[in-house]
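Q:
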Amino acid sequence: MAVQKSKVSRARRGARRSHNALKNTTLSTDQVSGERHQRHVMSSDGFYKGKKVMEVKIKEDTEEQNTPE
Numbered sequence: 009m010a011v012q013k014s015k016v017s018r019a020r021r022g023a024r025r026s027h028n029a030l031k032n033t034t035l036s037t038d039q040v041s042g043e044r045h046q047r048h049v050m051s052s053d054g055f056y057k058g059k060k061v062m063e064v065k066i067k068e069d070t071e072e073q074n075t076p077e
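Remember, the numbering used here sits 8 above the position in the sequence shown when you count from 1.
1) Determine the DSSP secondary structure at His48, reduced to helix, strand or coil.
2) Are there 16 or more other CB atoms within 10 angstroms of the CB of Ser51, so buried, or fewer, so exposed?
3) Are the beta-carbon atoms of Gln39 and Gly58 separated by less than 9 angstroms?
4) Taking C-alpha atoms, which residue in Thr34, Lys60, Val16 lies nearest to Arg24?
5) Using C-beta distances below 7 angstroms, list every residue in its chain close to Thr37, excluding the 5 sequence neighbours before and after it, in chain order.
6) If you reduce the DSSP assignment to three classes, tell me which class Ser14 lands in.
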């Protein structure tokens, strides 16, 4: 088993763990739709930096398809 050479103080342990905290992600506002999204990530409608980069498929309502007749 691994055994430490000497006791690690609470301050040193805390200093080592200080970089492990979760950080808030930075959000930007889309120029076209005004939607908030993560930086450097395409928005849900397929726009990135104000340009259409991907055609997004629209999902149909699942309630209409699963309705028993």
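Cβ coordinates follow ideal geometry from the N, Cα and C atoms, glycine included.
A: Taking the definition as stated:
1) Residue mapping note: residue 48 aligns to position 40 of the sequence shown, counting from 1. In the three-state reduction of the DSSP assignment, His48 falls in the coil class, being assigned neither a helical nor a strand state.
2) Against the sequence shown, residue 51 aligns to sequence position 43. Buried, because 16 or more other Cβ atoms sit within 10 Å of the Cβ of Ser51.
3) The residue you call residue 39 lines up with position 31 of the sequence shown. The residue you call residue 58 lines up with position 50 of the sequence shown. Against a cut-off of 9 angstroms, the Cβ pair of Gly58 and Gln39 comes out as a contact.
4) In the sequence shown, the residue the question calls residue 24 occupies position 16. Of Thr34, Lys60, Val16, the residue nearest in Cα terms is Val16.
5) Numbered from 1 along the sequence shown, position 29 holds the residue referred to as residue 37. So the list reads Arg44, once near-sequence residues are dropped.
6) Translated into the one-based positions of the sequence shown, residue 14 becomes position 6. Looking at Ser14 - three-state DSSP - the assignment turns out to be coil, as it is neither helix nor strand.
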